[in-house]
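Asker: Below you'll find the structure I mean.
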Amino acid sequence: LIQTIPGNYAGFYQSMTLGDGATERPLQDANGNSDCYPFQEALGASQTYPQSEWPQCQRYDNGDEPDAVCAFVYQDVTEQCRGRSYEAMTYANATEAKLAAAMSGNENKVVHIAHKGACGVCSNAQDYAARLESLDIINGLMVLCATDYTAKPNKNEAWTDLIQCIQRGISFTDPCATLWAHFAATNAAKCALECVTNEEGDIELNGGPPTCPLSDCLKCSADLFEQDFNAIAGLWKSPYNAGVVDEIVYPCSVFYRVESHDPCIGAPEVEEEPTQSPTDDTSHAFRQHDQLGDKRNVAALVMVSLGLLPLAMFL
15 LIQTIPGNYA GFYQSMTLGD GATERPLQDA NGNSDCYPFQ EALGASQTYP
65 QSEWPQCQRY DNGDEPDAVC AFVYQDVTEQ CRGRSYEAMT YANATEAKLA
115 AAMSGNENKV VHIAHKGACG VCSNAQDYAA RLESLDIING LMVLCATDYT
165 AKPNKNEAWT DLIQCIQRGI SFTDPCATLW AHFAATNAAK CALECVTNEE
215 GDIELNGGPP TCPLSDCLKC SADLFEQDFN AIAGLWKSPY NAGVVDEIVY
265 PCSVFYRVES HDPCIGAPEV EEEPTQSPTD DTSHAFRQHD QLGDKRNVAA
315 LVMVSLGLLP LAMFL
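Taking our numbering, the leading residue of the sequence shown gets 15, the next gets one more, and so forth.
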């Protein structure tokens with residue numbers, strides 16, 4: 015079961031711009047260098063993955079505020095919600111976030127809680143929109159991009175290609191796409207034996223009901239480095255902390271219910287665009303969806319010929 019989000023929401027989020035003085039959170043180490051490895055402290059370097067030798071990336075959620083939330087703060091009132099300016103801000107808890115708007119003295123200020131946990135590299139309107147659009151394709155896309163990365167001997171050139179491959183399918187910002195590239199390459203290096211495809215070229219995501227446990231492949235990354243990914247990204251790998259479910263089943267206890275995903279909260283009531291079905295040809299990500307099924311089968315055949323089948327699935 016994949017959650018359905020109104021198709022025009024992503025377009026509204028994509029149209030938003032950062033307000034005066036607001037900046038996105040970069041993917042960088044403690045010294046401000048962009049060449050950093052998100053899982054250095056957890057895993058160390060890998061011989062097959064030269065970018066893993068870089069220093070540890072900065073975490074934005076250190077666990078010291080377990081009830082923290084990330085919110086999009088809108089300071090202006092526009093004639094329509096498309097093109098709103100915003101800033102992503104971390105609050106100690108949801109109550110503090112709501113009080114921030116009420117006590118600001120600015121009647122136009124709206125605090126819209128985006129997800130549980132501190133804001134991170136992927137906690138911006140562009141990446142939020144990209145994740146809403148890619149709920150049912152992201153795992154397949156990561157398979158294709160990571161397979162291509164693994165097969166290339168020059169890993170420095172392959173690294174750039176891996177990031178570009180991800181961004182061709184999903185419109186992540188550069189920092190968020192780079193973080194996802196680290197996840198895909200690390201999974202290939204650390205969880206290859208657990209991520210073997212079945213006869214259909216797919217991998218089991220979950221076991222059967224009623225508990226639906228994570229498959230060995232997903233459990234490998236979850237145990238080793240997914241927590242670090244989430245602490246840096248802000249918006250989790252599976253965005254349950256934003257009140258959004260994807261094709262991977264997790265316990266209900268990890269789901270955080272936000273009040274709304276509507277990007278027009280607080281904007282004047284105006285006639286909006288008709289809600290679009292996720293199958294409409296209005297999103298680059300969804301246009302890729304039908305192609306991914308065929309490409310995954312082709313990729314599996316290529317990997318067999320290269321002797322890479324044990325590395326088939328990189329989620």
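In this text, a Cβ means the ideal position worked out from N, Cα and C, and glycines have one as well.
1) Can you check which of these residues, N212, A172, G248 and G35, is closest to A198 by C-alpha distance?
2) With distances taken Cα to Cα, identify the nearest neighbour of V135 among D230, K251 and F269.
3) Considering only the beta carbon of each residue, do I246 and C71 sit closer than 9 Å?
4) Go ahead and label S118 buried or exposed: buried means 16 or more other beta carbons lie within 10 angstroms of its beta carbon, across all protein chains shown.
5) Compute the beta-carbon to beta-carbon distance between S229 and L219, rounded to the nearest angstrom, for a pair I have assumed lies under 8 Å.
6) Whole angstroms is fine: what's the gap from P224's alpha carbon to Q54's?
7) Thinking just about the alpha-carbon of each residue, which of D150, Y100 and G248 is nearest to the one in C190?
8) Would E261 and L149 be called neighbours here (beta carbons separated by less than 9 Å)?
9) Count the other CB atoms, across all protein chains shown, that sit within 10 Å of the CB of L146; report buried if there are 16 or more and exposed otherwise.
10) Within 10 angstroms of its Cβ, does P167 collect 16 or more other Cβ (buried), or is it exposed?
11) Enumerate in chain order the residues of its own chain whose CB-to-CB distance from T104 is below 7 Å, with the five nearest sequence positions on each side excluded.
12) So, P69 versus N45, is the Cβ gap smaller than 9 Å?
13) So is T62 buried or exposed if we call it buried at 16+ other beta carbons inside 10 Å?
14) Can you check which of these residues, N76, G221, C226 and Y88, is closest to A111 by C-alpha distance?
15) Helix, strand or coil: which one does DSSP assign to S297?
16) Following the continuous alpha helix (DSSP H) through M156, name the residue where it begins and the one where it ends.
17) Using the beta-carbon count (16 or more within 10 Å), is V268 buried or exposed?
18) Does DSSP put N220 in a helix, in a strand, or in coil?
19) Per DSSP, which residues does K130 bridge with? Please list them.
20) To the nearest angstrom, report how far apart R73 and N212 are at their CA atoms.
21) Can you check whether the CB of I177 is closer than 9 Å to the CB of D188?
22) Just verifying my parser: in three-state terms, what is the DSSP assignment at T200?
23) Below 6 Å CB to CB, which residues in the same chain sit around H129 once its five sequence neighbours on both sides are set aside?
24) Below 8 Å on the Cβ atoms is my contact criterion, and I expect A116 with N138 to pass it. Report the Cβ-Cβ distance as a whole number of Å.
Answerer: Short version:
1) Of the candidates N212, A172, G248 and G35, the one whose C-alpha sits nearest the C-alpha of A198 is A172.
2) With distances taken between CA atoms, V135 lies nearest to K251 out of D230, K251 and F269.
3) In this structure, the beta-carbon distance from I246 to C71 falls below 9 Å.
4) Classification for S118: exposed.
5) Indeed they touch by this definition, with Cβ atoms about 6 Å apart.
6) Looking at the two C-alpha atoms, the distance is approximately 36 Å.
7) Checked all of D150, Y100 and G248; the closest Cα to C190 is G248.
8) The answer is yes: Cβ separation under 9 Å.
9) Burial of L146 is indicated by the presence of at least 16 other C-beta atoms within 10 angstroms of its C-beta.
10) Counting Cβ neighbours within 10 Å, P167 comes out exposed, since fewer than 16 surround it.
11) Result list for T104: A82, C84, A132 and C133, in chain order.
12) Judged by beta-carbon spacing, N45 lies within the 9 Å limit of P69, meaning their Cβ atoms are closer than that value.
13) Around the beta carbon of T62, fewer than 16 other beta carbons lie within 10 angstroms, which makes this residue exposed.
14) If we check each option's Cα against that of A111, Y88 comes out closest.
15) Reliability of the predicted coordinates at S297 is poor, the pLDDT of 38 falling under 50, and the value obtained from them is presented with this limitation in mind. The three-state reading of DSSP puts S297 in coil, since its state is none of H, G, I, E or B.
16) It spans I152 to A165 - the alpha helix (DSSP H) in which M156 sits, taken as one unbroken run.
17) Around the C-beta of V268, fewer than 16 other C-beta atoms lie within 10 Å, and the residue is accordingly described as exposed.
18) N220: strand per DSSP, three-state reduction.
19) DSSP output for K130 lists V83 as bridge partner(s).
20) Rounded to the nearest angstrom, the two C-alpha atoms are 36 Å apart.
21) Yes. Within cutoff.
22) Note: T200 maps to helix in three-state DSSP.
23) Around H129: C84, L249, N255 and A256.
24) The Cβ separation is near 25 Å, so there is no contact.
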